[in-house]
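What follows is one structure encoded as C-alpha cells, with my remarks underneath.
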Amino acid sequence: MFIAMNRFRIAPGREAEFIEVWRQRDSRLAEVPGFQSFHLLQGPGDAQATVFVSHSTWESAAAFEAWTRSESFRAAHASAGQQRGLYLGPPQFEGFEVVL
Numbered sequence: 557m558f559i560a561m562n563r564f565r566i567a568p569g570r571e572a573e574f575i576e577v578w579r580q581r582d583s584r585l586a587e588v589p590g591f592q593s594f595h596l597l598q599g600p601g602d603a604q605a606t607v608f609v610s611h612s613t614w615e616s617a618a619a620f621e622a623w624t625r626s627e628s629f630r631a632a633h634a635s636a637g638q639q640r641g642l643y644l645g646p647p648q649f650e651g652f653e654v655v656l
C-alpha cells in the first residue's frame, strides 16, 4: 500500500472556501485503477495559516504514479491556479510505503 499526502498552507479566514473547492472538485479518483481512499484533513491554524493535508491511499506507488500521468489527473487539477490568495505557496508532497 502507498499513502500520498499533500500539505497545504491556507490563508486565515479562507478555510471554508478551501474545503468547498475540494468538495466541488471532480477528482475522478473512484475510476482510477489502484485508488483506495481519500480524506481531506484540517490541522492547526494560527494568524499566518491553517494547515490542510490531502491523504489518499493506493494499492501501490506505481498505481499512484500512473494516476499522476493520466488524463484523470490533468482534469482534476485543471482549475488549480484559479484561487489566488487562497494558497500560501505550493503544496508539499510526501509519499509513504506502508510497511506494517
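To convert, count from 1 in the sequence shown and add 556; that's the numbering used here. C-beta: ideal position from N, C-alpha, C; glycine also.
In summary, Trp578 is exposed, with fewer than 16 beta-carbon neighbours lying within 10 Å of its beta-carbon over all protein chains present. Looking at the DSSP output, Phe608 sits in a beta bridge with Phe564 and Gln598. For Gly645, same chain residues with a beta-carbon under 7 Å away, outside a window of 5 residues either side, are Arg565 in chain order. The residues Phe558 and Gly590, in chain order, have a CB closer than 7 Å to that of Ser616 in the same chain once the five nearest residues on each side in sequence are set aside. Here Glu653 is bridged, per DSSP, to Phe558.
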